[in-house]
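Trainee:
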Amino acid sequence: MTQDTWQARLQLYFTRTPTRTVLSQRHHQGPLQVQRPFYPESNDTCHVYLLHPPAGIVGGDQLQIQVHVATAANVLLTTPAATKLYTHPDVFSQQTIQLSVADNAVLEWFPQETIAFENSRSRSEIEVMLHTDSIFMGWDIVCLGRSASHAPFTQGEFQQRLKIQRVKQRLWIERAHYQGGSPLLHQMWGLANQPVIGSFFTVAPFNSEMQDTVRQALIPWLQQSRCLCAITIMEDLLVARYLGQHAEEAKAFFIDLWRVIRPMVANRVACPPRIWAT
1 MTQDTWQARL QLYFTRTPTR TVLSQRHHQG PLQVQRPFYP ESNDTCHVYL
51 LHPPAGIVGG DQLQIQVHVA TAANVLLTTP AATKLYTHPD VFSQQTIQLS
101 VADNAVLEWF PQETIAFENS RSRSEIEVML HTDSIFMGWD IVCLGRSASH
151 APFTQGEFQQ RLKIQRVKQR LWIERAHYQG GSPLLHQMWG LANQPVIGSF
201 FTVAPFNSEM QDTVRQALIP WLQQSRCLCA ITIMEDLLVA RYLGQHAEEA
251 KAFFIDLWRV IRPMVANRVA CPPRIWAT
């Protein structure tokens with residue numbers, strides 16, 4: 001590690017006690033940390049805020065986050081601010097996230113958006129490992145460039161890999177490679193000049209009535225919004241997509257879905273972290 005780069009690692013282990021879920025083990029290296037767990041809900045769900053390096057991520061930084069949720073534990077993880085990938089013309093940064101959820105456990109993974117600045121170079125890997133009766137809800141929101149500052153992603157590179165696996169069954173594998181200024185960012189067959197890409201995932205049993213309820217939640221967005229939204233349900237996997245101009249709009253869409261989905265799959269009403277309102 002040089003003076004100008006971070007080698008950071010964070011390991012979190014959550015377990016269920018007779019009364020609630022607790023953060024039973026925590027190991028960290030470098031600037032990755034967590035705030036004290038919160039319990040804003042009437043049930044045992046543990047809310048935890050992940051703290052990223054305050055100055056953002058630059059080329060050469062290596063960040064690794066590992067989370068394990070033990071049997072019957074319930075955890076919601078979020079971040080207080082966007083992850084910013086700063087300009088570096090030559091060297092890639094790397095962020096690796098590994099999430100493991102045991103039987104009868106629930107993990108909700110809702111980080112704020114990732115912003116790739118112009119001329120940044122970064123790789124992101126997210127791996128979700130589930131057991132047979134695990135429940136997982138999570139989203140991933142990426143902003144290519146800073147449209148509000150009129151700084152589009154004309155140069156740079158963002159590579160992304162996502163895998164969701166339940167026991168030995170691979171439920172979802174996705175790879176994306178966004179090159180600044182490439183046709184993929186501008187053509188109608190690609191991102192159509194929309195800088196914000198979002199995905200929302202749920203792994204849980206979905207019967208036909210639940211599927212209809214989720215699809216009904218999509219209708220207002222199709223009627224009123226200028227963004228592109230879609231939902232696909234494949235047996236126990238739900239995938240929702242957002243393509244548009246604003247990260248806040250993507251989060252609003254996903255939170256609307258979460259308010260509908262959470263009571264059905266986790267038997268509890270949605271309780272947005274207070275940090276989302278600041």
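First residue of the sequence shown? That's 1 in UniProt numbering, and the numbers climb one at a time after it.
Glycine included, C-beta positions come from ideal geometry on N, C-alpha and C.
For clarity, every value in this text was computed on a predicted model and none was experimentally measured.
To the nearest whole angstrom, what separates the beta carbons of residue 30 and residue 9, a pair I think is in contact under 8 Å?
Mentor: Counted from its first residue, the sequence shown places residue 30 at position 30. Counted from its first residue, the sequence shown places residue 9 at position 9. At roughly 7 Å, the Cβ-Cβ gap stays under 8 Å, so residue 30 and residue 9 are in contact.
Trainee: Mark residue 279 as exposed unless 16 or more other C-beta atoms lie within 10 angstroms of its C-beta, in which case mark it buried.
Mentor: Residue 279 falls outside the range modelled here, since the chain spans only 1 to 278, and no answer is possible.
Trainee: For residue 23 and chain C, any beta-carbon pair shorter than 7 Å?
Mentor: Protein chains in the displayed structure number just one, and chain C is not present.
Trainee: With 16 as the cutoff for other CB atoms within 10 Å, does residue 168 come out buried or exposed?
Mentor: For the purposes of this step, residue 168 is taken as residue 168 along the sequence shown, with counting starting at 1. Residue 168 should be labelled exposed.
Trainee: Rank 195, 71, 59 by C-alpha distance to the C-alpha of residue 91 and give the top, closest one.
Mentor: Numbered from its first residue, the sequence shown carries residue 91 at position 91. Of the candidates 195, 71, 59, the one whose C-alpha sits nearest the C-alpha of residue 91 is 59.
Trainee: Can you pull the DSSP bridge partners for residue 140?
Mentor: Stepping through the sequence shown from its first residue, residue 140 is reached at position 140. For residue 140, which the question treats as bridged, DSSP gives the partners 199.
Trainee: Going along the chain, which residues of its own chain have a beta-carbon closer than 6 Å to the beta-carbon of residue 126, five neighbours each way excluded?
Mentor: Taking the first residue of the sequence shown as position 1, residue 126 is located at position 126. Answer for residue 126: 97, 162, listed in chain order.
Trainee: Please determine, among 225, 131, 57, the residue with the shortest C-alpha to C-alpha distance to residue 166.
Mentor: Position 166 of the sequence shown, counting from 1, holds the residue named residue 166. The option with the nearest alpha carbon to residue 166 is 131.
Trainee: According to the neighbour-count rule (16 or more other Cβ atoms, all chains shown, within 10 Å of its Cβ), is residue 235 buried or exposed?
Mentor: Your numbering for residue 235 matches position 235 in the sequence shown. Its Cβ having fewer than 16 others within 10 Å, residue 235 is exposed.
Trainee: When the Cβ atoms of the segment 75 to 87 are set against those of the segment 219 to 239, are three or more pairs found closer than 8 Å?
Mentor: No contact exists between the segment 75 to 87 and the segment 219 to 239.
Trainee: Would you mind sorting residue 248 into buried or exposed? The rule is 16 or more other CB atoms within 10 Å of its CB.
Mentor: Counted from its first residue, the sequence shown places residue 248 at position 248. Label assigned to residue 248: exposed.
Trainee: Assuming residue 148 and residue 105 are in contact, meaning their beta carbons sit under 8 Å apart, how far apart are those beta carbons, in whole angstroms?
Mentor: Within the sequence shown, residue 148 is the residue found at index 148, counting from 1. Within the sequence shown, residue 105 is the residue found at index 105, counting from 1. That pair is no contact at about 38 Å.
Trainee: Quick check for students: name the residue ranges of the beta strand (DSSP E) that lie wholly in the segment 48 to 81, counting only runs of 3 or more.
Mentor: The segment 48 to 81 contains these whole beta strand (DSSP E) runs: 62 to 69, 74 to 78.
Trainee: Just to confirm before moving on: does the CB-CB distance between residue 270 and residue 262 stay below 7 Å?
Mentor: Translated into the one-based positions of the sequence shown, residue 270 becomes position 270. Translated into the one-based positions of the sequence shown, residue 262 becomes position 262. Against a cut-off of 7 Å, the Cβ pair of residue 262 and residue 270 comes out as a contact.
Trainee: Could you give the distance in angstroms between the alpha-carbon of residue 212 and the alpha-carbon of residue 264?
Mentor: Position 212 of the sequence shown, counted from the first residue, corresponds to residue 212. Position 264 of the sequence shown, counted from the first residue, corresponds to residue 264. Cα to Cα, the separation comes out at about 12 Å.
Trainee: Do you know how far the Cα of residue 231 is from the Cα of residue 215?
Mentor: Within the sequence shown, numbered from 1, the residue matching residue 215 stands at position 215. Within the sequence shown, numbered from 1, the residue matching residue 231 stands at position 231. Approximately 7 Å between the Cα atoms of the pair.
Trainee: Locate the alpha helix (DSSP H) running through residue 262, then write down its first and last residues.
Mentor: Taking the first residue of the sequence shown as 1, we reach residue 262 at position 262. Looking at the DSSP string, the run of the alpha helix (DSSP H) that includes residue 262 is 247 to 266.
Trainee: Report buried or exposed for residue 42, applying the criterion of at least 16 other Cβ atoms within 10 angstroms of its Cβ.
Mentor: Mapped onto the sequence shown, residue 42 falls at position 42. With fewer than 16 Cβ atoms within 10 Å of its Cβ, residue 42 is classed as exposed.
Trainee: Is residue 277 helix, strand or coil by DSSP?
Mentor: To locate residue 277, count along the sequence shown from 1; it is residue 277. Note: residue 277 maps to helix in three-state DSSP.
Trainee: Helix, strand or coil, according to DSSP, for residue 213 in the structure here?
Mentor: Position 213 of the sequence shown, counted from the first residue, corresponds to residue 213. Reduced to three states, the DSSP call for residue 213 is helix.
Trainee: Should residue 273 and residue 52 be called a contact, given that it needs their Cβ atoms to be closer than 7 Å?
Mentor: Residue mapping note: residue 273 aligns to position 273 of the sequence shown, counting from 1. Residue mapping note: residue 52 aligns to position 52 of the sequence shown, counting from 1. Cβ atoms of residue 273 and residue 52: not closer than 7 Å.
Trainee: With distance defined between alpha-carbon atoms, name the residue in 63, 240, 95 nearest to residue 293.
Mentor: An answer regarding residue 293 cannot be provided, because it is not within the stretch 1 to 278 covered by the chain.
Trainee: Can you give the beta carbon distance from residue 67 to residue 100, rounded, assuming they're within the 8 Å contact cut?
Mentor: To locate residue 67, count along the sequence shown from 1; it is residue 67. To locate residue 100, count along the sequence shown from 1; it is residue 100. Between residue 100 and residue 67 the Cβ distance is about 7 Å, and since that is below 8 Å, they are a contact.
Trainee: Considering only residues of the same chain and omitting the five flanking positions on each side of residue 193, which have a CB-CB separation below 6 Å?
Mentor: As a first step, residue 193 is located in the sequence shown; it is residue number 193 there, counting from the start. Counting only Cβ-Cβ distances below 6 Å, and skipping sequence neighbours, we find 186.
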